[in-house]
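Numbering (this note's numbering), first residue to last: 9 to 694.
The structure appears below as structure tokens.
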């Protein structure tokens, strides 16, 4: 599927420029057969990964499990060849014997489009197009690390790596931009030479590590040229040139896959492999261009890799063998690094488990950030993964998290999903055609999931509050375990306080054209309108202090009140700082307010503005979904909730309710049956 897509894409790009056709001249059509030709690996359409064992006879050997290959690289000192596939699998085998093919890593929730081998730290840098991140793996696929791409709106499609210089180069094929960053993900710099600034102009790059320069092939400029690692133009390698699909370099040769050829004014996808003599970065020697592989329809070459020992000499700028011993887990560049779920301690050498972290969704990708000194900082508490939210205009999607089980629940168009944030394993809990699932909240003790069901009947929109028991894995049981609780106007916020037995709903009243904050018991009975908090669209609960925090949609003022809505305190007015608010959350001493591009932070005690965090969105279609993982707050032990032990001995629903309107010190339980399900009479209203 991917290879066919690439063929279509290349053909489309070529057809866009056929009127300016230029044909490469002075090409020796004789096939190269000398023994000095480096080992080459091709990824061919309809064939996958092959090793070219004889140019004279055209013999190639296919590699086992190479049929869906999209990228290939090697580790010369370890005698290993690696390739990634469109099915999300990373394979390896011996580089010279091409035996012992091993599945190194697999994941159904990513799209590895390009990768590079760090032959000093013995790691794979794999570019995941699904999350726009780098996933770093050991050569055995273990000890994963996630690196974020530190540039706004940058969507890389290709990666190159110079281990000795400590640089990673990422290439964005949409705009021709090259991003250079340190090998540990720090200090990102965009390299934008004038020849790389035309949108969609078919640029490809490769690294000349020996001479420390980037080789750039530009179809629009009809040439191959070089720039240094700072983006400065150096010299022309070859012109005219029709554009390339892939390039690879050795000490003495440059190899490339030609993108197109022309015949009588018509352009065709080529895919032939060319070679020229390339020494000391002086460009292609005159008369040295030769064809190694003439392509035929259906067997075109799309990607090539030349194996060269000199490209992977260990001339590192740090002493890896002595330095690596000071790191508790992993070495990355000239510093220590930690696996996913861990972060560096204060001494920057040891790793500690990430116990508290911030979960947010950006453009249907779920990420994490960490709390540090009242500030959010980038970390990888979890590996980013895609959430199939399927937004609807002017509707908030459901998004809630259970810190006790590390399970995320989210809704959207026609479905409710549950996903394990550690494995990204997803399960659809509920499906109903024509329904949108909006705001939701989870009682982490009973596992009762409260959710909004939005239906459109003619010109009328119905917002229905329902509850399901989410502790089971049986989808049929889950679908049956629902109960209708209430019908509202538009619901924007929904929160549950399991240890107080209250459910809070922020809903828009069409009659008065304002938001109302409503408090219920956990079974959606005993409705109380908290009139002091009118026109507050966003709410968040401070579970440690049993208080409600709310944000006004008109002036971005932030207020706090007790659970009765009586003790009203103004915290801050963020109207001069924040516009277009999309999310709101309180945790510990900090209030977090989110808009399309940033997360703003306020101290809830002294009203101090703590600054903002730019979370590098890839477009402005950010949602308002975020949550907190905090085992110290979201816990089941020492809870006074009567449902905590064995679901309160209830067969179906167990609701923890206040003893009375005046008493907040104790809770009583209420057992109820699912709608349409018969259960023991003793279980009802117990």
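Built from N, CA and C at the ideal position, the CB exists for glycine as well.
Remember, it's a predicted structure, so these values are computed and weren't measured experimentally.
Pick from the options: whose alpha carbon is nearest that of residue i?
{"i": "residue 603", "options": "387, 548, 622, 460", "result": "622"}
{"i": "residue 552", "options": "576, 432, 595", "result": "595"}
{"i": "residue 3", "options": "245, 265, 216, 616", "result": "This structure leaves residue 3 out entirely; the chain is present only between 9 and 694."}
{"i": "residue 473", "options": "281, 467, 499", "result": "499"}
{"i": "residue 243", "options": "198, 254, 289, 266", "result": "289"}
{"i": "residue 501", "options": "173, 46, 404", "result": "404"}
{"i": "residue 259", "options": "248, 265, 317, 234", "result": "317"}
{"i": "residue 364", "options": "456, 315, 48, 411", "result": "411"}
{"i": "residue 419", "options": "440, 397, 409", "result": "397"}
{"i": "residue 362", "options": "284, 140, 566, 385", "result": "385"}
{"i": "residue 53", "options": "580, 69, 77", "result": "77"}
{"i": "residue 519", "options": "441, 497, 526", "result": "497"}
{"i": "residue 113", "options": "80, 152, 122", "result": "152"}
{"i": "residue 141", "options": "445, 121, 505", "result": "121"}
{"i": "residue 132", "options": "115, 150, 241", "result": "150"}
{"i": "residue 46", "options": "424, 313, 406, 73", "result": "313"}
{"i": "residue 81", "options": "55, 119, 130, 69", "result": "130"}
{"i": "residue 171", "options": "284, 391, 128", "result": "128"}
{"i": "residue 681", "options": "456, 599, 608, 525", "result": "456"}
{"i": "residue 84", "options": "436, 439, 103, 570", "result": "103"}
With DSSP run on the structure shown, which of helix, strand or coil describes residue i?
{"i": "residue 540", "result": "helix"}
{"i": "residue 666", "result": "strand"}
{"i": "residue 646", "result": "coil"}
{"i": "residue 252", "result": "strand"}
{"i": "residue 561", "result": "coil"}
{"i": "residue 655", "result": "helix"}
{"i": "residue 376", "result": "strand"}
{"i": "residue 157", "result": "coil"}
{"i": "residue 392", "result": "coil"}
{"i": "residue 683", "result": "coil"}
{"i": "residue 224", "result": "strand"}
{"i": "residue 109", "result": "coil"}
{"i": "residue 78", "result": "strand"}
{"i": "residue 429", "result": "coil"}
{"i": "residue 479", "result": "coil"}
What do you get for residue i, buried or exposed, if any count of 16 or more other CB atoms within 10 angstroms of its CB means buried?
{"i": "residue 613", "result": "exposed"}
{"i": "residue 574", "result": "exposed"}
{"i": "residue 180", "result": "buried"}
{"i": "residue 577", "result": "exposed"}
{"i": "residue 214", "result": "buried"}
{"i": "residue 229", "result": "buried"}
{"i": "residue 355", "result": "exposed"}
{"i": "residue 508", "result": "buried"}
{"i": "residue 431", "result": "exposed"}
{"i": "residue 168", "result": "buried"}
{"i": "residue 587", "result": "exposed"}
{"i": "residue 126", "result": "buried"}
{"i": "residue 464", "result": "exposed"}
{"i": "residue 539", "result": "exposed"}
First and last residue of the beta strand (DSSP E) that includes residue i?
{"i": "residue 571", "result": "Premise fails: residue 571 is in no beta strand (DSSP E) and is neither H nor E."}
{"i": "residue 519", "result": "Premise fails: residue 519 is in no beta strand (DSSP E) and is neither H nor E."}
{"i": "residue 637", "result": "634-637"}
{"i": "residue 680", "result": "675-680"}
{"i": "residue 231", "result": "231-236"}
{"i": "residue 385", "result": "383-386"}
{"i": "residue 369", "result": "365-370"}
{"i": "residue 447", "result": "434-450"}
{"i": "residue 359", "result": "359-361"}
{"i": "residue 118", "result": "Where residue 118 is concerned, there is no enclosing beta strand (DSSP E), given that its DSSP letter is neither H nor E."}
{"i": "residue 503", "result": "498-505"}
{"i": "residue 188", "result": "185-190"}
{"i": "residue 534", "result": "Note, residue 534: premise wrong, no beta strand (DSSP E); not H, not E."}
In terms of DSSP beta bridges, what is residue i paired with?
{"i": "residue 591", "result": "602"}
{"i": "residue 343", "result": "340"}
{"i": "residue 133", "result": "124, 144"}
{"i": "residue 94", "result": "According to DSSP, residue 94 bridges with nothing at all."}
{"i": "residue 580", "result": "566"}
{"i": "residue 661", "result": "680"}
{"i": "residue 609", "result": "600, 619"}
{"i": "residue 722", "result": "Nothing about residue 722 can be reported from this structure: the residues present for the chain run from 9 to 694 only."}
{"i": "residue 456", "result": "477"}
Compare the C-beta of residue i against all C-beta atoms of chain B and say whether one is closer than 8 Å.
{"i": "residue 283", "result": "This model lacks chain B altogether, as it is built from one protein chain only."}
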